[in-house]
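A.B. asks: Residues in the sequence shown are numbered consecutively from 126, following the numbering used here. Cβ atoms here follow ideal geometry from the backbone N, Cα and C, with glycine treated the same way.
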Amino acid sequence: MKLHFQYCYQYLFYLDVNFIYFFLRECASFEASCKSGLKSFHTGKCIKKNDQKLNWSEASRLCRSQGDNGDLVKIVSSDMNTEIYEKLFASQQQAFWHGQSFLSKMKGGYVNWQAGHPRQQGETCGLINAHGTDEWTDESCASKHFAICEEGRDVCPPGWIPSSPSSSCVRLHHTRMSWDDARFICQLEDADLVVIQNDDMNRFISDQLTSDQYETYWIGLHNDAVAGEYRWLELYQQINYSYWDPNRTGFDSNLNCAGVTFEATMTWDVYSCDSMAKFICEQPEICENQQMHGPNCTEPCDAACSGPHGACFKHTGWCVSCPDGYEGHYCEKACRPGTYGRSCLLDCSPHCAGTYKACGGANGSCLLGCEAGYRGDMCDTPCDNETYGANCMRYCSIGCAGPHDACDSRSGRCLFGCDPWYPYYGPKCMYDHQVGDLTARQERTLRASSVSAVVGILFVAIVLIYNQIAIHFAERKGRDENIQIKSSQQENSTNSISISETYIDLRTVDAISQFVLPINPQIANCDKLNQPSRVFSSRVDPPRVTHSKCCKV
Numbered sequence: 126m127k128l129h130f131q132y133c134y135q136y137l138f139y140l141d142v143n144f145i146y147f148f149l150r151e152c153a154s155f156e157a158s159c160k161s162g163l164k165s166f167h168t169g170k171c172i173k174k175n176d177q178k179l180n181w182s183e184a185s186r187l188c189r190s191q192g193d194n195g196d197l198v199k200i201v202s203s204d205m206n207t208e209i210y211e212k213l214f215a216s217q218q219q220a221f222w223h224g225q226s227f228l229s230k231m232k233g234g235y236v237n238w239q240a241g242h243p244r245q246q247g248e249t250c251g252l253i254n255a256h257g258t259d260e261w262t263d264e265s266c267a268s269k270h271f272a273i274c275e276e277g278r279d280v281c282p283p284g285w286i287p288s289s290p291s292s293s294c295v296r297l298h299h300t301r302m303s304w305d306d307a308r309f310i311c312q313l314e315d316a317d318l319v320v321i322q323n324d325d326m327n328r329f330i331s332d333q334l335t336s337d338q339y340e341t342y343w344i345g346l347h348n349d350a351v352a353g354e355y356r357w358l359e360l361y362q363q364i365n366y367s368y369w370d371p372n373r374t375g376f377d378s379n380l381n382c383a384g385v386t387f388e389a390t391m392t393w394d395v396y397s398c399d400s401m402a403k404f405i406c407e408q409p410e411i412c413e414n415q416q417m418h419g420p421n422c423t424e425p426c427d428a429a430c431s432g433p434h435g436a437c438f439k440h441t442g443w444c445v446s447c448p449d450g451y452e453g454h455y456c457e458k459a460c461r462p463g464t465y466g467r468s469c470l471l472d473c474s475p476h477c478a479g480t481y482k483a484c485g486g487a488n489g490s491c492l493l494g495c496e497a498g499y500r501g502d503m504c505d506t507p508c509d510n511e512t513y514g515a516n517c518m519r520y521c522s523i524g525c526a527g528p529h530d531a532c533d534s535r536s537g538r539c540l541f542g543c544d545p546w547y548p549y550y551g552p553k554c555m556y557d558h559q560v561g562d563l564t565a566r567q568e569r570t571l572r573a574s575s576v577s578a579v580v581g582i583l584f585v586a587i588v589l590i591y592n593q594i595a596i597h598f599a600e601r602k603g604r605d606e607n608i609q610i611k612s613s614q615q616e617n618s619t620n621s622i623s624i625s626e627t628y629i630d631l632r633t634v635d636a637i638s639q640f641v642l643p644i645n646p647q648i649a650n651c652d653k654l655n656q657p658s659r660v661f662s663s664r665v666d667p668p669r670v671t672h673s674k675c676c677k678v
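1) In this structure, how does DSSP classify A255 when only helix, strand and coil are distinguished?
2) Return the CA-CA distance between E354 and A267, expressed in angstroms with no decimal places.
3) If you draw a straight line from the C-alpha of A526 to the C-alpha of C508, how long is it?
4) How many whole angstroms separate the CB atoms of W285 and C294, which I take to be in contact at a CB cut-off of 8 Å?
5) At a cut of 8 Å, does the stretch 437-454 reach the stretch 330-348 through at least three beta carbon pairs?
6) Alpha carbons only, please: which of C554, P528 and C426 is nearest the one belonging to E413?
7) Counting Cβ pairs, one atom from each stretch, are 3 or more of them under 8 Å apart for the stretch 366-374 and the stretch 322-333?
8) Are at least three pairs of beta-carbons, each pair with one atom in the stretch 165-184 and one in the stretch 275-290, less than 8 Å apart?
9) Would you give the residue range spanned by the beta strand (DSSP E) that D394 belongs to?
10) Starting from Q408 and walking both ways along the beta strand (DSSP E), at which residues does that stretch end?
11) Would T390 pass as a contact of S474 if the rule is Cβ separation under 9 Å?
12) What separation, rounded to the nearest whole angstrom, lies between the Cα atoms of T441 and G419?
13) According to the Cβ coordinates, are W261 and R308 closer than 9 Å?
14) Name the DSSP bridge partner or partners of C473?
15) Compare the C-beta of I200 with all C-beta atoms of chain B and state if any pair is closer than 9 Å.
16) Do A515 and A478 come within 9 Å of each other at the CB atom, strictly closer than that value?
17) Under three-state DSSP, which class holds F387?
18) Unbroken alpha helix (DSSP H) runs of length 4 or more, entirely within the stretch 284-348: which are they?
19) Leaving out five residues on either side along the sequence, give the residues of the same chain with a beta carbon under 6 Å from the beta carbon of Q219.
20) Classify G524: buried if its beta carbon has 16 or more other beta carbons within 10 angstroms, exposed otherwise.
21) Can you give me the start and stop residues for the beta strand (DSSP E) that S185 sits inside?
22) Under three-state DSSP, which class holds E424?
23) Taking 9 Å as the cut-off, decide whether the C-beta atoms of D394 and T386 are in contact.
24) Going by beta carbon distance, what residues of the same chain come within less than 7 Å of S185, once the five residues before and after it are set aside?
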């Protein structure tokens, strides 16, 4: 098995000089396999900080897109937690997402919550370094923060945790059963009850129990009837290391199986083998060439195992991990409804619509959309203050009182009641006494007509104001012109006779003359004697008609 980088050089002191070149080459190869800017840690993966502020689901997708088998970092032990904090953050005080989340199906295992966390208020995800310490805090998964990503091949099957002290994989089972039954279950998984042979391994197992305090877990230590003493499983190894409870008074012939319990610290004790307890399994290592399996590491792993260099377990050939959307020992099964991601280890968002919260196995996008109050591909973004309903597709009533037409994101109920001026009422300010509760179509129509009405009222008001201004200026202009005309007429009155007194239409004169002349012979030839003449008294007055005395009428 390839060595973890942090152990490479310390092992050189214990090796024969003939093997030094081999181990130096392996260590250098492992170190070079991490791309620029990444760090090597206990899981054998490469880890880096991401500089984009995203919500937890977006950060997880980004990590998965950045490298082979990438994801948000899974912190599996106190040593790993300390090393991440010291090497990545130094004196910075900036919160970063890690892989601990209510969305993750990895139950149990190492935790390092700050006092008062997690807050157990639903949809929260884990942060590290929020207050400049290595303790964890939690926030809503919809909030935005930087993230820590990891990439590289998994060295353990899904659900198993890599143990750097023993170069093995461990798994916590939470179903209580007897010691013999627990061991049988481990063996079905090509594993056995865990063996603890040094302080590093004891501390690692203790870390895994921090999330499940006061519970007893079986380990692989029992009272061997033949030897008459406690030994480790079939190895028949004597106890060279132990961490017995200091308050234990002695061994009882009826208590032949060992278990561990975490309180303030983890201690060992003995119990009746028929007692019911949880248990810890341990899987042996994989082949040095991780693409091979079998007793002699000569059989190739199944092609379905994830990644371009898919690894499998040594004794069974089971895939260490599966591509996004698949699970099973040989990655032959599509994700079950409600799960997605690599080896189907992530739960679909609880806000996906439908009974089974179905989502795409590869990317977690909700197949049936979002339930009321949420939007986005993964339904992880709450509606804003002006929208509500499934996928946030409906608008709050414009009659809702308060800022931004605020309404409940699920039901549409106006949070502060209705505005006094609004013609509709009810919980959503959408009730009409003639129509009743408005339908979605009527609601949209009402909203559109309301907006149109407001725009129309504003337009009419502008037109009326413009007309009033135009009329005012027109009247003022007319008054000025009348004053000018009257002044001009007064100036010309002394030089001419008014139009009404002096102007006689020439056609009228002709008509009169045709009627009068034959009757009055004295003026019969008047038109020959004196023709009418036009006299202009000024440029502005009409012509005046004058006759000789004989033609005076």
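C.D. replies: Quick look at the numbers:
1) coil
2) 55 Å
3) 18 Å
4) 4 Å
5) no
6) C426
7) yes
8) yes
9) M391 to Y396
10) A402 to Q408
11) no
12) 7 Å
13) no
14) For C473, which the question treats as bridged, DSSP gives no partner whatsoever.
15) Note that chain B does not occur in the displayed structure, where there is just one protein chain.
16) yes
17) strand
18) 304-313 and 324-333
19) none
20) buried
21) Run containing S185: none in the beta strand (DSSP E); it sits in the alpha helix (DSSP H), W181 to S190.
22) strand
23) yes
24) D196 and L197
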